[in-house]
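A.B. asks:
Chains as they are written, first to last, in our numbering: chain A, 1 to 269; chain B, 1001 to 1581.
1. Pull up the CB-CB distance for residue 1233/B and residue 1243/B, whole angstroms please, since I reckon it's below 8 Å.
2. If I measure Cβ to Cβ from residue 236/A and keep anything under 7 Å in the same chain, skipping five residues before and after, which residues do I get?
3. Smallest Cα separation from residue 188/A: which of 178/A, 33/A, 20/A, 13/A?
4. With 8 Å set as the bound, which would you pick, yes or no: does the beta-carbon of residue 211/A sit closer than that to a beta-carbon of chain E?
5. Note down, in chain order, all residues in the region 1399-1414 of chain B with a beta-carbon under 7 Å from any beta-carbon belonging to chain A.
6. Pick helix, strand or coil for residue 1475/B, following the three-state DSSP scheme.
7. To the nearest angstrom, report how far apart residue 1486/B and residue 1480/B are at their CA atoms.
8. Report the residues of the region 1071-1092 of chain B with a CB closer than 7 Å to any CB of chain A, ordered along the chain.
9. Mind listing the chain A neighbours of residue 1017/B? Cutoff is C-beta to C-beta under 7 Å, in chain order.
10. Between the region 1236-1255 of chain B and chain A, which residues of the former have CB atoms less than 9 Å from a CB of the latter, in chain order?
11. Starting from the C-beta of residue 1349/B, find all residues in its chain whose C-beta is less than 8 Å away, skip the five residues before and the five after it, and write them out in chain order.
12. Closer than 6 Å by C-beta to residue 1246/B: which residues in its own chain qualify, once you throw out the five before and the five after it? Chain order, please.
13. What are the residues that DSSP puts in a beta bridge with residue 123/A?
14. Starting from the Cα of residue 1168/B, find the closest Cα among 1186/B, 1146/B, 1183/B and give me that residue.
15. Just mark residue 1368/B as buried or exposed, buried being the case when its beta carbon has 16 or more other beta carbons within 10 Å.
16. Taking C-beta pairs closer than 9 Å, name the residues in chain A that residue 1393/B reaches, listed in chain order.
17. Cutting at 6 Å between CB atoms, please list the residues of its own chain near residue 1530/B, excluding the five before and the five after it.
18. So, for residue 1034/B: in the same chain, excluding its five sequence neighbours on each side, which residues have a beta-carbon less than 6 Å away from its beta-carbon?
19. Which residues in the same chain as residue 1586/B place their Cβ atom closer than 7 Å to its Cβ, once the five residues preceding and following it in sequence are excluded?
20. Give me the Cα-Cα distance between residue 1165/B and residue 1281/B, rounded to the nearest whole angstrom.
21. Hey, residue 1177/B and residue 1129/B: beta-carbon distance below 8 Å or not?
22. In chain B, which residues lie with their C-beta within 7 Å of the C-beta of residue 56/A?
23. By Cβ distance, which residues of its chain are closer than 7 Å to residue 39/A, with the 5 residues on each side in sequence left out?
24. Under 8 Å between C-beta atoms, does residue 140/A make it to chain B?
25. In or out: residue 1121/B buried (at least 16 other Cβ within 10 Å) or exposed?
26. Whole angstroms are fine: how far does the CA of residue 4/A sit from the CA of residue 1249/B?
27. Check distances from the C-beta atoms of the region 80-98 of chain A to those of chain B and list, in chain order, the residues that come in under 7 Å.
28. Taking the alpha-carbon of residue 1252/B as reference, which of 63/A, 8/A, 155/A has the nearest alpha-carbon?
29. Would you mind stating whether residue 1508/B and residue 1432/B have Cβ atoms separated by less than 8 Å?
30. Measuring only the C-alpha atoms, how far is residue 1475/B from residue 1081/B?
31. Any heavy atom of the ligand NAD closer than 7 Å to the CB of residue 1185/B?
32. Suppose you measure from the CA of residue 1582/B to the CA of residue 1344/B; what does that come to, to the nearest Å?
33. Which residues share a DSSP beta bridge with residue 183/A?
34. Would a check of beta-carbon distances place residue 1038/B closer than 8 Å to chain A?
35. What do you get for residue 1504/B, buried or exposed, if any count of 16 or more other CB atoms within 10 angstroms of its CB means buried?
36. Run down chain B in chain order and give the residues with a C-beta less than 7 Å from the C-beta of residue 108/A.
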């Protein structure tokens, strides 16, 4: 029985580890400025935890086999209540490992979340509602117009769904879209809102996730570094249509972005 | 350390009941109440498992109509998710290890004739059962059971119009949890008082079996955590029905104003997780205590580092109250607090690692007997390591950006809080069955059950890590709407097939349990040659546990292979083995 346990525990360990190392399934390729740092720290954590995982499982398998009851030929059991020195050693080692890992990653977290977006960032307001994402650009005046919950008409979509107050001067040039278009290599400031329940704005390739909470306007930022189309998901359970609360992020050149935004403005007039 | 007061103990003693109802239904006997809790959890676990089976089937065959349910609509799937989680967490993982085994064995292991408050004990069981009935009733009301997940995040859970199931079903869900909290609070008081006041002479705190330490600390966690959840539940109920706005700001549902304003959705999350994280330890601590006990018994060796184990249990209990914010890194909470919660969370890994080292140290240089309880204890260590190792990923906010709300999270908590705890329950069942029913369970069925469960659960939950890393969000009823998820569907299929096999394996357990109750081999009083007090008394134990006499304790709980002793174990009530040991 000891040998069977050893074989099964080792097999499970090596098979699981293989798929991690072979990267058969891995993080989707990153396309934002933050991705490299996050992925690097993921790999560091993965290697350190992987070593602990394999070491612990391999020892467990080996110990149950080596110290199985072999009847009369068993070696004598060592009568011991433990070893204080060893306890102190492994307490210190795990403390250093765990806290050290944490401190290593804190600078990335700080650069993502402790500072506001740069002044010249491209501003996009993202609003989640059951079960769609809407994106609003402030237009040439750089100001988002007022919205009013009483004006909301979810079934009409677009500006009406956001409850845009057309009487407000600042709202005249606001552009509302169902696809998020942004220029490459510019910092994007995202202002996250939700109308009804909590949603979570998740763009896996940008290593970006943040809940959109009713009652709050959460300011975040990210910098796409590759043009292309990327999927946006909702990551927080928001009701029966959660699975299909899907959107697209289109990252284009600055020139294309300007042209696209101008065309949307023209449509509005 | 204070030993118990005889006077106090006698005042709690009650005469053996006559008649079926007093003996088996409204019983004051902690052993009967323990069995009642156990069978409640057994019923609940099969309900919970059945729901998960339906989820797995729907995920890979989304158009397939299911028996009883017909076509699975997206909201039906979310109902399954919600009720699976809620039933498993409350009525299985909290109920079986603490209410079941804790009730049955804590008094016997400390040498007491019963719990400190037998009437309160009976009430706590009946309250819990009522909670379960109300929970199940949620399936059958108009609109069905709620779809807001076991975490019940507001405003989704706080407004009736956010989706089907958020009407009466959601009210019943909250009421059920509130009732459960009341039962759990009564139980916690009883456990704490019993452990502090009812220990036999000589049973100092540092001679308590680690199982008792685990139940004791679990009870303290329960006392502090369930009160908060109860209050939060009442506030939520008021938001839903009385027009208050504790958790709801100004929101519109489908463009319609709801009349709420000024509340905070994050407040619910803080209150919920202030309960929710200690709850993880409420589920796992008794399994840790159980596993420590069994590794020592079946390695025929004292537990490695008894004191370190006690301090680790206390450390986990203490730190368990300071880490709730790690569930909220992406919630909109201040990123500075995320940093603090992250450090504390990494810190809680330390006592967990100490325990793992000590388990391995206990096996080393022992003489291991591969009984069925031992197999599950070894399986527990393996699963605890596998489930624990993903913790440091999720505990770092930077990595949580990608992993939060993906399958990586259910992979992590199922292995450590679900499966590892269930392995603790299985180990306890195989270990104590002879004491509870006077018969042994069938060993070969038990082994098959172990292999199905051990390999099966790894096959289910290990691939969920891969899904999570690849970006598959949890709680999606269909995987076809997002293009990049299509490539991951084969892995989902594999998981469902593994679930079929694993669930089939659980039927072996069920058969073995009931077959052995009536047909199992007669058990002796101490079939495992173990040292703790429950093995000194008759099988099954008499009404007052020790048949009129009160045990006196002279030794620690894990004296195996003591040099010079006549046999390879010295019982706690045997004459003292001397200061040298």
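Even glycine gets a Cβ: it sits at the ideal position worked out from N, Cα and C.
C.D. replies: Put simply:
1. The pair is not a contact, with the Cβ atoms about 17 Å apart (cut-off 8 Å).
2. Residues 198, 199, 200, 211 of the same chain have their beta carbon placed closer than 7 Å to that of residue 236/A, with the five preceding and five following residues left out of the count.
3. Considering only alpha carbons, the answer is 33/A.
4. This model lacks chain E altogether; the protein chains it does include are A and B.
5. From the region 1399-1414 of chain B, only 1399, 1401, 1402, 1404, 1405 have a Cβ closer than 7 Å to chain A.
6. Residue 1475/B: coil per DSSP, three-state reduction.
7. Roughly 6 Å between the two C-alpha positions.
8. Those residues of the region 1071-1092 of chain B that come within reach of chain A (Cβ to Cβ, closer than 7 Å) are 1074, 1075, 1078.
9. Residues of chain A whose Cβ lies closer than 7 Å to the Cβ of residue 1017/B do not exist, since the nearest Cβ in that chain is about 42 Å away.
10. Residues passing the 9 Å Cβ filter: 1248, 1249, 1250, 1251, 1252, 1253, 1254, 1255.
11. So the qualifying residues of the chain are 1388, 1391, 1392, 1395.
12. Excluding residues up to 5 positions away in sequence, 1235, 1239, 1263 lie with their Cβ nearer than 6 Å to the Cβ of residue 1246/B in the same chain.
13. Looking at the DSSP output, residue 123/A sits in a beta bridge with 189/A.
14. Of the candidates 1186/B, 1146/B, 1183/B, the one whose C-alpha sits nearest the C-alpha of residue 1168/B is 1146/B.
15. With 16 or more Cβ atoms within 10 Å of its Cβ, residue 1368/B is classed as buried.
16. Within 9 Å Cβ-Cβ: 42, 45, 46, 49.
17. By the criterion of a C-beta distance shorter than 6 Å, residue 1530/B is surrounded in its chain by 1297, once the five residues flanking it on both sides are discounted.
18. When the five nearest sequence neighbours on each side are left out, the beta carbons in the same chain lying within less than 6 Å of the beta carbon of residue 1034/B are those of 1100, 1103, 1104, in order along the chain.
19. In the structure as shown, chain B begins at 1001 and stops at 1581. Residue 1586/B is therefore absent and cannot be evaluated.
20. A direct Cα-to-Cα measurement between residue 1165/B and residue 1281/B gives close to 30 Å.
21. Cβ atoms of residue 1177/B and residue 1129/B: not closer than 8 Å.
22. Ordered by position in chain B, the residues that pass the 7 Å Cβ test against residue 56/A are 1356, 1385.
23. Result list for residue 39/A: 27, 30, in chain order.
24. The C-beta of residue 140/A comes no closer than 8 Å to any C-beta of chain B.
25. Under this definition residue 1121/B is a buried residue.
26. Answer to the nearest angstrom: the Cα atoms are 58 Å apart.
27. Within the region 80-98 of chain A, the residues whose Cβ lies closer than 7 Å to some Cβ of chain B are 80, 81, 82, 87, 90, 91, 94, 95, 98, listed in chain order.
28. Nearest neighbour of residue 1252/B by Cα position, chosen from 63/A, 8/A, 155/A, turns out to be 155/A.
29. Contact flag unset, no.
30. In a straight line, the C-alpha of residue 1475/B is about 7 Å away from that of residue 1081/B.
31. The ligand NAD is not among the ligands present in this structure, which contains no ligands whatsoever.
32. Residue 1582/B cannot be examined here, being either before or after the span of chain B that is shown, 1001 to 1581.
33. Residue 183/A is bridged by DSSP to 252/A.
34. For residue 1038/B, the answer is no, since every Cβ of chain A falls outside 8 Å of its Cβ.
35. Using a 10 angstroms sphere on the CB of residue 1504/B, the tally of other CB atoms stays under 16, which defines it as exposed.
36. The contacting residues are 1398.
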